[in-house]
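Student:
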Amino acid sequence: ALAAKQKQLASQQQQWIQEVLEARAARGEDNGVWGHIEAVKITTSRMRKELEEERRRLAMVHGNVYDAQKDAIAKLTAEMGSESDLPMVRPGDASVAAPFTSRSPSVRNIVDLIRQGRCTLLSALQQQQIMMLESLISAYVLSALSLEGARSSERQMIASSWLLMIASIAFSYATPVERMHPERPLRRLFHPAIFVSMLGQAAIHLYCMRTAVNMATAEMGPEKLAEVVEFHRRERLRELKEAEQEKAMEEGDWMAASLALWSTPFLPNLLNTCVFLVETAQCVAVLLVNYKGRPWMRGITENHALFLSVGATVVGCAALSWSVFPEINNLIHLEPFPSDAFRFQVMGLVFMSLCGTFIWDRMCIAIFAPRVFSAMVDEARSVTAADLLPALQTLGKALGFLVVLGSGNIVLLIGGWFVYKRMNAKPAQPV
């Protein structure tokens, strides 16, 4: 009925425009461009008004599934013996104050909103924790290296940034779980379970970093430290490279700028190597520890990019410490460790940053938010070895892609793409 009314009004639009123009001509008004615009405006307003009246008439005649409430209100009004002119608001009616409107006679949309809201709230809190802890770690590293006359290698910063960028992007794309848990997540940054945990994590990270700096400086000795200071002092090529980089940036040549940055002179030393390995592990530990996961968002084993980047960081630190691939160590300016004892001490600091902060964080939650901790433990107990298979499959796909890409064989690359499409093809649905 409403569509028929719209069609009728559309057919009468030209007639109404002509009537308005004739009325303007009778009054001696101009019927030029602005006259036609005014006529269309008046006609459109008339169509909108009549369409709204038709909609109201249909609502009074037919109503909707909630009209049973109208009868209840009318009955109540009759019993009170007075008429009421108040507007009747029914479930599903739009509201100016409502962020969204749902006409579905179900609470499913409300549940979805709560699930997504909890995930968003938890993600925001976790991002704030990560920002503060990583800023503190970076500030301490810069100050510790500057006091000893050293600095970070550009190649090391590029290599670690790639891995941390993947983990950070995966961290930011948190996905809510399908089933809403009855326990609410923590909602305040200054909740004791969060604030005390951050203080403890910062203390553990700074202690490990300070220990690594002391170990490296004691092993190097004053002569080696003076050599590093002297190298940076008499470095002249650095100024030339920076000038070339600025020139390339002005010209928009990003490739030249990257090559200039990559080829900046650097003297590998034990202090820089220890700080690089411990700092990289600590940045990943911050992501790992403060990612709460289930029961409010997908767990870390379900977030494949974050899970694999954390594992790659631990394995990579161990491989670099033992110089499994000496070419990679030389490529990113890492100094070989003097002994196995020193190597184990550095790896102990790495695992202390990872495991120590994780235990401290969960202990703070258990003390200050026991119900939240109980919900997290229940979800952790439900994880089985089979839950790791999707992450391992993703790892296999990534390694296979790198192998095929590194081979440079176009035929192998095309064949791998067809195999991938075939593996991920969905079965045809029966008609």
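So the sequence shown is numbered by the working numbering: it starts at 3 and just counts up by one. Beta carbons: idealized from backbone N, C-alpha and C, even for Gly. Model, not experiment: these values are computed from the prediction.
(1) With distances taken Cα to Cα, identify the nearest neighbour of Ala141 among Arg48, Pro224, Glu281.
(2) Please report the straight-line C-alpha distance between Leu289 and Gln129, rounded to a whole angstrom.
(3) Just reading off the alpha helix (DSSP H) that Pro328 is part of, what are its end residues?
(4) For the candidate residues Val379, Ala176, Ile19, whose alpha-carbon lies nearest to that of Ser47?
(5) Which residues does DSSP pair with Met182 in a beta bridge?
(6) Alpha carbon to alpha carbon, how far is Arg383 from Val215?
(7) Pair every Cβ in the region 309-325 with every Cβ in the region 137-157, then say whether three or more of these pairs are closer than 8 Å.
(8) In or out: Leu144 buried (at least 16 other Cβ within 10 Å) or exposed?
(9) Under 8 Å between the Cβ atoms of Ile139 and Cys357?
(10) Taking the alpha carbon of Ile206 as the point to measure from, which residue in Leu401, Gln8, Leu135, Ile369 has its own alpha carbon closest?
(11) Got a sec, what are the start and stop residues for the alpha helix (DSSP H) Ser286 sits in?
(12) With distances taken from CA atoms, which of Thr177, Pro270, Val35, Leu191 is nearest Pro297?
(13) What whole-angstrom Cβ distance do Leu308 and Tyr293 have, given they're in contact under 8 Å?
(14) In its own chain, which residues sit with a C-beta less than 7 Å from the C-beta of Leu269, not counting the 5 before and 5 after it?
(15) Mark Phe346 as exposed unless 16 or more other C-beta atoms lie within 10 angstroms of its C-beta, in which case mark it buried.
(16) Near Gly301, what residues of its chain come up, given a Cβ to Cβ distance below 6 Å and the 5 sequence neighbours on each side ignored?
(17) DSSP beta-bridge partners for Met62?
(18) Pick out whichever of Met299, Ala371, Phe360 has its Cα sitting closest to the Cα of Ser125.
(19) Cβ atoms of Ser199 and Trp324: under 8 Å apart, would you say?
(20) What residues are listed by DSSP as bridge partners for Met299?
(21) Can you tell me whether DSSP reads Arg151 as helix, strand or coil?
(22) How far does the alpha helix (DSSP H) with His306 in it extend, from its first residue to its last?
(23) Should Ala283 and Val179 be called a contact, given that it needs their Cβ atoms to be closer than 8 Å?
(24) If we count Cβ pairs, one from each stretch, closer than 8 Å, do we get three or more for the region 16-31 versus the region 39-53?
(25) Enumerate in chain order the residues of its own chain whose CB-to-CB distance from Phe375 is below 8 Å, with the five nearest sequence positions on each side excluded.
(26) I'd like the span of the alpha helix (DSSP H) that includes Val379, first residue to last.
(27) From the DSSP output, in three-state form, read off His38 for me.
(28) By how many angstroms is the C-alpha of Leu188 removed from the C-alpha of Ile494?
(29) Near Ala430, what residues of its chain come up, given a Cβ to Cβ distance below 7 Å and the 5 sequence neighbours on each side ignored?
(30) Taking C-alpha atoms, which residue in Asn332, Ser341, Ala169, Ser137 lies nearest to Met473?
(31) Whose C-beta lies closer than 6 Å to the C-beta of Ile168 among residues of the same chain, with five residues either side of it excluded?
(32) Apply the 10 Å Cβ neighbour rule to Gly318 and answer buried if 16 or more other Cβ atoms are within range, or exposed otherwise.
(33) If you draw a straight line from the C-alpha of Phe360 to the C-alpha of Met378, how long is it?
Tutor: Inspection of the coordinates gives the following:
(1) When C-alpha distances from Ala141 are compared across Arg48, Pro224, Glu281, the shortest belongs to Glu281.
(2) If you draw a straight line from the Cα of Leu289 to the Cα of Gln129, it is about 9 Å long.
(3) Boundaries of the alpha helix (DSSP H) around Pro328: 328-333.
(4) The residue with the shortest Cα to Cα distance from Ser47 is Ile19.
(5) Residue pairing by DSSP places Met182 opposite no residue, since no beta bridge is assigned to it.
(6) For Arg383 and Val215, the distance between alpha carbons rounds to 39 Å.
(7) No, they do not touch.
(8) The residue in question, Leu144, is exposed, as its Cβ has fewer than 16 Cβ neighbours within 10 Å.
(9) Contact flag unset, no.
(10) Ile206 has its Cα closest to that of Leu135, out of Leu401, Gln8, Leu135, Ile369.
(11) Inspection of the sequence shows that residue 286 is occupied by Val rather than by Ser. Per DSSP, Val286 is one residue of the alpha helix (DSSP H) stretching across 272-292.
(12) Taking only the C-alpha atoms, the option nearest Pro297 is Thr177.
(13) Their Cβ separation, rounded to whole angstroms, is 7 Å, which keeps Leu308 and Tyr293 in contact under 8 Å.
(14) Correct list, in chain order: Val230, Phe233.
(15) With fewer than 16 other beta carbons inside 10 angstroms of its own, Phe346 counts as exposed.
(16) Counting only Cβ-Cβ distances below 6 Å, and skipping sequence neighbours, we find Gly295.
(17) According to DSSP, which records beta bridges pairwise, Met62 is partnered with nothing at all.
(18) It is Met299 whose Cα lies nearest to the Cα of Ser125.
(19) Cβ distance not < 8 Å, so Trp324 and Ser199 don't count as in contact.
(20) Assignment of beta-bridge partners to Met299 by DSSP yields Pro178.
(21) According to the sequence as given, residue 151 is Gly; it is not Arg. In the structure shown, Gly151 sits in coil (DSSP, three-state: anything other than H, G, I, E or B).
(22) Going by DSSP, His306 is part of the alpha helix (DSSP H) stretching over 306-323.
(23) If you check the CB distance, Ala283 and Val179 do not come in under 8 Å.
(24) Proximity of the region 16-31 to the region 39-53 meets the contact definition, three or more beta-carbon pairs being nearer than 8 Å.
(25) Non-local beta-carbon contacts of Phe375 in its own chain, meaning distances under 8 Å to residues more than five positions away in sequence, involve Arg364, Ile367, Ala368 in chain order.
(26) Residues 372-383.
(27) His38 falls in the helix class under three-state DSSP.
(28) It is not possible to answer for residue 494, since the shown part of the chain is limited to 3 through 433.
(29) Low confidence applies to Ala430: its pLDDT is 48, below 50, so where it sits in the model is not reliable enough to give any reading.
(30) Missing from the structure shown is residue 473; the chain here goes from 3 to 433 and no further.
(31) Take Ile168, set aside five residues on each side of it, and the residues of its chain with a beta-carbon closer than 6 Å to its own are Ala307, Ser311, in chain order.
(32) With 16 or more Cβ atoms within 10 Å of its Cβ, Gly318 is classed as buried.
(33) Phe360 and Met378 have their alpha carbons spaced roughly 13 Å apart.
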